[in-house]
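Written out below as structure tokens is the structure these notes cover.
Numbering (my numbering), first residue to last: 48 to 288.
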């Protein structure tokens, strides 16, 4: 769990996360520290970021940087490292031709319509837990590796997570909950490599606080397919069949 000076004296919630009280003064101070930490990073950790500064400076807003600070509970050092890694990973996921385009359906996602329509990871717009956490609904049974590449699905997942964060500011502060419902899925549809792509995007890359990963009615004979999640987050299984 990321901590910083703004979390002192706070009590963790049911997911073990801390939520500092934000003020304009605190945010301004942390954004300044964030920029200072970026300057300290070695050049070999900022290749993607430097390209972004040249090719899409309009994307590098304080509002966007604030997402990274929130994801690391205002630890400016960790937020700066996540931000730099994000741009390297974005180049890897999107390719150098699309990485610096807006993450929109007519921008970086213009060739990923099939992966988006598959409905593997779905943002439940307008739905949240009592604290404003966004809910992403995962349907492993919708996967069909013959129709898209893992890279394309990776971009689709990035798009869905970005949409949740941009539409729900409280999700930036309190986090995101994944709910997976594997009922009816076949063993061949449990793509562990794809799940690792998703997790690598979340852990230390995308500006998101992952609160929990709930698996509803997990199929017992497929339980080994979930082991890649065990060290990633709070994993909760609700009933089995």
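Glycine is no exception: its CB is placed at the ideal position from the N, C-alpha and C atoms.
Nearest-angstrom Cβ-Cβ length linking residue i and residue j, presumed shorter than 8 Å
i	j	result
residue 249	residue 198	Contact flag wrong, Cβ pair sits at about 17 Å.
residue 131	residue 92	5 Å
residue 167	residue 215	Actually they do not touch by this definition, with Cβ atoms about 20 Å apart.
residue 195	residue 162	4 Å
Selection from the options that minimises the alpha carbon distance to residue i
i	options	result
residue 119	161, 71 and 67	67
residue 262	144, 228, 255 and 256	228
residue 209	115, 192, 233 and 143	115
residue 178	81, 61, 56 and 54	61
residue 189	52, 165, 207 and 259	165
residue 53	157, 251, 246 and 117	117
The ligand ADP heavy atom lying under 7 Å from the CB of residue i
i	result
residue 88	This structure lacks the ligand ADP, and indeed carries no ligand of any kind.
Residue i vs residue j beta-carbon contact at 8 Å
i	j	result
residue 185	residue 226	yes
residue 170	residue 253	no
residue 99	residue 147	yes
residue 69	residue 127	no
residue 224	residue 255	no
residue 232	residue 187	yes
residue 155	residue 202	yes
residue 65	residue 57	yes
Beta-bridge pairing of residue i - partner residues as DSSP gives them
i	result
residue 199	Paired residues: none, contrary to the question.
Burial state of residue i (16 or more Cβ within 10 Å)
i	result
residue 221	buried
residue 159	buried
residue 288	In this prediction, residue 288 scores a pLDDT of 43, lower than 50, which makes its location untrustworthy; no coordinate-derived value is stated.
residue 183	buried
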